[in-house]
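Enquirer:
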């Protein structure tokens, strides 16, 4: 697999910018590539590929829009992405688990240390050179989705109790 961010420091102000989808639920169990986010965030421990590394002892929060929400835990995540040569596992480090978040976000600003770039014209992520495509993306309703393998997705039913509590400030 490819580690697409290996930065050991987290940003001081953690942000995730992804907006709501048209239906309100269609992106709950998807990963969005977000050029404006400096933090990877995911919304359910039901995701396959998640490995917790700590319980956020510093009680850090993530800012999204006008909400500030506490991070439940930090860890790593393995995402399976489509590439021109088939499926490829991408490893995200320093991933914030925020229970009930609107979607899961690959914070592209975090990937700069590994020379990961986004090409919205070709709907791809590439490493160092435009010819080195590491993920083909799917454009859907104003968002670029990265996760290719539905077997890793949690069922939408796991999100129903969490939707009622998102947006509470800490």
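Numbering (UniProt numbering), first residue to last: 1 to 170.
The C-beta atom is built at its ideal place from N, Cα and C for all residues, glycine as well.
DSSP on residue 28, reduced to helix/strand/coil?
Expert: Of the three classes helix, strand and coil, the one that applies to residue 28 here is coil, per DSSP.
Enquirer: Just tell me which of 45, 116, 35 and 89 has its CA closest to the CA of residue 71.
Expert: The residue with the shortest Cα to Cα distance from residue 71 is 45.
Enquirer: Taking buried to mean at least 16 other C-beta atoms within 10 Å of its own C-beta, is residue 120 buried or exposed?
Expert: So residue 120 counts as exposed.
Enquirer: Across the segment 131–140 and the segment 35–49, are there enough close Cβ pairs to call them in contact, namely three or more that are closer than 8 Å?
Expert: No, the segment 131–140 does not touch the segment 35–49.
Enquirer: Going along the chain, which residues of its own chain have a beta-carbon closer than 6 Å to the beta-carbon of residue 51, five neighbours each way excluded?
Expert: Correct list, in chain order: 75 and 76.
Enquirer: Let me confirm a value: residue 151 is counted as buried when at least 16 other C-beta atoms fall within 10 Å, else exposed. Which label applies?
Expert: Exposed is the call here.
Enquirer: Mind pulling the beta strand (DSSP E) runs of 3 or more residues that sit fully within the segment 92–156?
Expert: Whole beta strand (DSSP E) segments, 3+ residues: 104–107, 116–119, 124–127, 133–136, 138–140 and 143–145.
Enquirer: For residue 172, is the classification buried or exposed, using 16 other Cβ atoms within 10 angstroms of its Cβ as the cut-off for buried?
Expert: Residue 172 cannot be examined here, being either before or after the span of the chain that is shown, 1 to 170.
Enquirer: Comparing alpha-carbon positions, which option in 113, 100 and 84 lies nearest residue 124?
Expert: Comparing Cα positions, the closest option is 84.
Enquirer: According to DSSP, which residues form a beta bridge with residue 64?
Expert: Residue 64 is bridged to 67.
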